[in-house]
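FYI, full-length UniProt numbering numbers position 163 of the sequence shown as 163, with every residue one higher than the one before it.
Heads up, the beta-carbon is just placed ideally off N, CA and C, and yes, glycines get one too.
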Amino acid sequence: MQPRLELALPVDPRHLYRHLIREASYLPGICRPFVNTRIRAGFVRSKEAIYQGRRKQPPPTGLDDPQTKAIHHGLRQLRGLRAVNLGDTMRIDRLMHHVFGRSGKRRRELLVPLLRPPTPRDSAELQKHLEQQKAGPPVDSNGKQLPMRRPDGWDKTKVLKHVQSQIKHQSTTSPSVWMRIGNQTPHNPQRELIKLPPVDHFGKPINERRVRKAMERWWKAAATKLAPPVEKSEWERLRAAAAGELPEHDWKFAPRRPIARSLEAPTPAVTSEWDWKPLVDRSASFIGRPVIRQQWRLTGKRETGPFEPHKQKREGLRARALQRTYDRIWNATPYVEEDPETLATKAIHWGSIRGLQTQLPVATAADARIFAGEVVKTTPRLGPKLMRFSNAVPQASIK
């Protein structure tokens, strides 16, 4: 592992910004624009918070200082990016989910056009929309005004169609695809009404507010686990990354550039007496924490003593493992095919293993000699019930 370019203390925000941009330059090209945009937006937002904090009287100090908070947050993100570039699978998967809108801020941005109600297509729909605006919020049986709820302004027809498509797709994909998203709720919102009793404890019909809250709870739970669609061009690029069809610099991590060094031999520093004072007031577990095997990607330090583990973790991620990560993200990403005239949802397409048009690898000379001159005959695959009660032949037999 190459030595890291450490930050000098106290940390200068400009130096922290350059280190973050440098670490983002090693990411795959398909992820780099999103990460660079988030880094710049975070620094602009922190600059405004620091300016507002300095106007307070008295100004905040310590950990309450906005600049101190921003630097601590930036250092934490820098350690995370370094771990991603070293092949931390958990953080790579989390980064991919944020980049392609499966979680985080971009997911919320992609949900906005999906939840937004459709615009009126003709004068009749426009007139109906204006009448609903004039009527105001709904009222209950007693004439009391009901508060406006968030799902009231959603396009429920579009959302329900997307939920049904996602539930159908989840039944055919691996559970590992939906570990960070979650399994979608049942596609029938009326099931929430079945759970409610017909009358209350006093024998009266159930309150309308209780019915509204039950339906609102279902729609919010459905939107929480909804995988929003992306543009078809982005969906196709993600499919190409999962198949390895993009240029390598677009889907692979870039090799790390060496740190500039002086051509002259460094002068050996004069070693003074061992400074033991910072170590006596801390436990051995705290002092040895940066060099344990689970933390070396975050700290960049490894055990060099006699108790060093024999098996060290790899630096970086294999190409096939990275393709599997793209494949899992692609399986959880849809795009919507709309009718060009009415702009209604015509079909929802999801990623699948069958959609990867990859070619089988060419056999090596040693493997090809095994079946040299042989003819392989395939037989149709029988279902599990037929296989149980019949003497089925193998799927492939060599004559």
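Looking at the strands, I want to know which residues DSSP matches up with Val199.
Pro205.
Whose C-beta lies closer than 8 Å to the C-beta of Leu226 among residues of the same chain, with five residues either side of it excluded?
Answer for Leu226: Leu111, Leu114, Val159, His162, Val163, Gln166 and Gln184, listed in chain order.
Coil, strand or helix - Val336 by DSSP:
strand
Thinking C-alpha only, which one of Ala366, Phe371, Thr325 and Glu337 is nearest Val177?
Shortest Cα-Cα distance from Val177 to any of Ala366, Phe371, Thr325 and Glu337 involves Thr325.
Backbone CA spacing between Leu27 and Lys105 [nearest angstrom]:
20 Å
Meets three-Cβ-pair contact criterion under 8 Å: the segment 62-80 and the segment 118-131:
no
Once DSSP output is grouped into helix, strand and coil, what is the label at Trp219?
helix
Check for me: the alpha helix (DSSP H) holding His349 runs from which residue to which?
It is not in any alpha helix (DSSP H) - His349 instead sits in the beta strand (DSSP E) that spans Thr345 to Trp350.
Would you mind giving the Cβ-Cβ distance between Ile71 and Pro13, rounded to the nearest angstrom? I have them listed as a contact below 8 Å.
7 Å
Would you kindly check if the distance between the Cβ of Ile329 and the Cβ of His97 is under 9 Å?
yes
Straight-line gap, Val35 to Ser233 (C-alpha atoms, nearest Å):
19 Å
Using the rule of at least 16 other Cβ atoms within 10 Å of the residue's Cβ for burial, across every protein chain shown, is Glu23 buried or exposed?
buried
Only counting the same chain, and skipping five residues up and downstream in sequence, which positions put a Cβ closer than 8 Å to that of Leu196?
Ile206, Arg210, Val211 and Ala214
Quick check: the Cα distance between residue 409 and Trp296, rounded to an integer number of angstroms?
Summary: the structure shown does not reach residue 409, with the chain confined to residues 1 through 399, and so no result is reported for it.
Where does Trp276 land, buried or exposed, given buried means 16+ other C-beta within 10 angstroms?
exposed
Kindly indicate the opening and closing residues of the alpha helix (DSSP H) around Val84.
In the DSSP annotation of this structure, the continuous segment of the alpha helix (DSSP H) that includes Val84 starts and ends at Pro66 to Asn85.
DSSP state of Met179, grouped into three classes?
coil
Going by Cα to Cα distance, which pick from Arg261, Thr172 and Val230 is closest to Thr333?
Residue Val230 is the option with its Cα nearest to Thr333.
Beta-carbon separation of Leu238 and Gly153 under 9 Å?
No, these two residues do not count as a Cβ contact at 9 Å.
Take Pro198 and list the residues in its own chain whose beta-carbon comes closer than 8 Å to its own, dropping the five residues that flank it on each side.
Pro205 and Ile206.
How is Tyr326 classed by DSSP in three states: helix, strand or coil?
helix
Secondary structure of Arg381, DSSP reduced to three states:
For Arg381, the pLDDT reaches just 49, beneath the cut-off of 50, and the residue's location in the model is therefore unreliable, leaving the point undetermined.
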